[in-house]
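Taking it in order: structure first as structure tokens, then the write-up.
In the numbering used here, the protein residues as written are 390 to 1115.
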């Protein structure tokens, strides 16, 4: 982790700079436990904590140029540093750090110095000759960098908490900017603006940019060195087969880059094709990785855990499962600890599960310092095309993108047209009041690029750093993204519908069923209620302690109706609200961040979040036992889920499955008399075997219905009463 402060306007840094830097070191200690260094200077002073993966014995920072006019600190890895060093004949590295080449590149190319860099990085460079501070990140901001102005100083660091160590940086949530963020309201529109930092006065160095700050005047300039490109002209484009071949070549190269290390690496295996592909390629490259999979009721029932186990067995690599019991709910203090690590109100079940997985992995393999992830594969390869088509095909996907894109720029008088469910009858140029119309797919890519920075890379970095680990993301190699975004219009459906190009590219290393397996959404779909339940239980726990603490903050009452928020959480807990639970969670998170920032919370340490997950081998019965029972067995006790009941319509005698006050399914007693008798006997105390006996049927007659009802939350297993496997 890194932090620093620079003086502006010809001033000098005061003597209090050393204590400030020492506080910064303590704040980012979790990011780099291997070494700490300070560099004090009248103009720019730097703090650095190191997580050593390359040049372990000789790669300490800050790094200094030959004449000491350029000083650099950098997080991350420059994968192609050897190749870049060969382009600098006069460059003589003085350490084994892969980041030292950045100094030579800067001396040679100025502000274009990162144009040819492949890697994940965030850097701060002090150019003494030109009296400027240079901040930069990789194309997707996999490694973060934030900065803020505090009087006649500029403060910068790897996390927002580092900036708060400076007394001149405001510790306040930006309520208007935060509540306007699409991720809080779930409003369907493409967000393509700057990444939201959530706090007043805090700026983020965007992916693919170099920020320069003139230390004499304070002037800030932003130079964008990369952004997603557009489609090639039809005449210049390769064939579909050539695209697949090129994608395969680049993916292998990117995985090989990500394996660069002198220490142990691991891999998080989700059960999907993306992480499976990385595991397979790494094994083919002679570096089989220890893999880790998170097991919850949802990931067991949707097949993710089983598929991860099958992939590991196919490749002959170890797979350890972090199993979260079905009744595991973080305490208010645990949640605040996780939220302070994440620094974003978008924190939710995914981040909690991933944090648990890192803790289990680190406890089992303490020497593991980096994990490879499948994150970022969907965004630029058509991974959301099927979801956004809402059951239609590519044409429906494009039509829905048109609606999303034009929603940002529609003429106010034509806005009602966007509320119609029928296909748009007006032309896009007319709706947008722009003769050029709207390039909806280009806007979609910009949206996903922002999403990767606002959500994916943000939480992947914090989660890994919270356990002293580096997150590496082979699919976020700009060469791969350049290839995907260059697909011409005529080949988009063939190559990008349901990630066809990315899937076809790994058929040579994975079994076809793994490659073709459909994406399992985390917060949507049939098993989403398990994640929803975690959210609701966390909000409702201890008398809505999280809600009450957020509402007690100094500004939340200006923007949030406290009574409405309490009623919403109570209704969700009782199963009587159709609202997506992540909306109140994120509003509460924003309020808690305001309270935590103003309260001067201590630096994050892993022990601030209680580890509830259990480490088990990827064995079906062991996972089920650790979760408290997921698979339906004769000894399982069954109850109706929250908001669910089974009732008879007295008007016509039809039996109804009701969820959240709405009738969702009807059951014809004439066609399924045994199933009706089974459901009528459910009382929350009987086992499946007892219910089957009471209904006078065999288990096989209702097994399929029973599994589906458990998977969708109409029926739940009672963890405290689940018996042993039978």
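All C-beta atoms in this analysis are idealised placements derived from N, C-alpha and C, irrespective of residue type, glycine included.
Being a predicted model, the structure only gives us computed values, none of them experimental.
Who are the near neighbours of residue i in its chain, counting only those whose CB is closer than 7 Å to its CB and skipping five residues on each side?
i           : result
residue 649 : 443, 466 and 468
residue 754 : 653, 655 and 679
residue 763 : 659, 661, 663, 664, 667 and 864
residue 708 : 658, 680, 682, 697, 698, 701 and 1007
residue 495 : 459, 502 and 514
residue 672 : 704 and 706
residue 974 : 737, 924 and 928
Would you report the Cα separation of residue i and residue j, rounded to the nearest angstrom?
i            : j            : result
residue 804  : residue 586  : 30 Å
residue 996  : residue 797  : 44 Å
residue 786  : residue 819  : 21 Å
residue 676  : residue 852  : 24 Å
residue 1002 : residue 719  : 11 Å
residue 1029 : residue 1103 : 6 Å
residue 841  : residue 760  : 18 Å
residue 405  : residue 843  : 34 Å
residue 767  : residue 521  : 38 Å
residue 815  : residue 615  : 35 Å
residue 890  : residue 1066 : 49 Å
residue 455  : residue 480  : 9 Å
residue 402  : residue 519  : 18 Å
residue 731  : residue 848  : 6 Å
residue 1025 : residue 549  : 47 Å
residue 963  : residue 1106 : 18 Å
residue 1115 : residue 589  : Residue placement at residue 1115 cannot be trusted, given a pLDDT of 32 that sits under 50; what the coordinates show is reported in the next sentence. When rounded, the distance between both Cα atoms is 58 Å.
residue 736  : residue 979  : 10 Å
residue 524  : residue 545  : 9 Å
residue 1053 : residue 1099 : 15 Å
residue 1097 : residue 1090 : 13 Å
residue 620  : residue 838  : 16 Å
residue 618  : residue 836  : 13 Å
residue 537  : residue 591  : 5 Å
residue 489  : residue 733  : 32 Å
residue 1057 : residue 779  : 29 Å
residue 989  : residue 567  : 21 Å
residue 482  : residue 450  : 13 Å
Just verifying my parser: in three-state terms, what is the DSSP assignment at residue i?
i            : result
residue 594  : coil
residue 918  : helix
residue 396  : strand
residue 579  : coil
residue 712  : strand
residue 466  : strand
residue 1184 : Past the boundaries of the shown model lies residue 1184; the chain is included only from 390 to 1115, so the question cannot be answered.
residue 1105 : strand
residue 830  : helix
residue 972  : helix
residue 1004 : strand
residue 572  : helix
residue 547  : coil
Using a Cβ-Cβ cut-off of 6 Å (strictly less than) and excluding sequence neighbours within five positions of residue i, which residues of its own chain qualify?
i           : result
residue 408 : none
residue 742 : 683
residue 422 : 857
residue 641 : 670
residue 424 : 439 and 449
Is the separation between the beta-carbon of residue i and that of residue j shorter than 7 Å?
i           : j           : result
residue 863 : residue 706 : no
residue 923 : residue 562 : no
residue 789 : residue 888 : no
residue 697 : residue 726 : no
residue 639 : residue 869 : yes
residue 710 : residue 394 : no
residue 463 : residue 432 : no
residue 636 : residue 896 : no
residue 939 : residue 945 : yes
residue 410 : residue 441 : no
residue 560 : residue 987 : yes
residue 598 : residue 610 : no
residue 493 : residue 477 : yes
residue 353 : residue 400 : Nothing about residue 353 can be reported from this structure: the residues present for the chain run from 390 to 1115 only.
Within its chain, find whatever has a CB closer than 8 Å to the CB of residue i; leave out the 5 residues flanking it on each side and keep chain order.
i           : result
residue 622 : 877
residue 578 : 571, 793, 796 and 797
residue 783 : 774, 881, 882 and 886
- Message: Please give me, in chain order, every unbroken run of the alpha helix (DSSP H) with length at least 4 that falls completely inside the region 835-914.
- Response: Correct list: 846-854, 867-874, 881-885, 889-893 and 901-905.
- Query: Can you list the alpha helix (DSSP H) stretches of 4 or more residues lying completely in the region 669-711, in chain order?
  - Reply: You should have 686-690 and 693-704.
- Message: Please give me, in chain order, every unbroken run of the beta strand (DSSP E) with length at least 3 that falls completely inside the region 598-653.
- Response: Those beta strand (DSSP E) runs which fall completely within the region 598-653 and span 3+ residues are 598-603 and 609-613.
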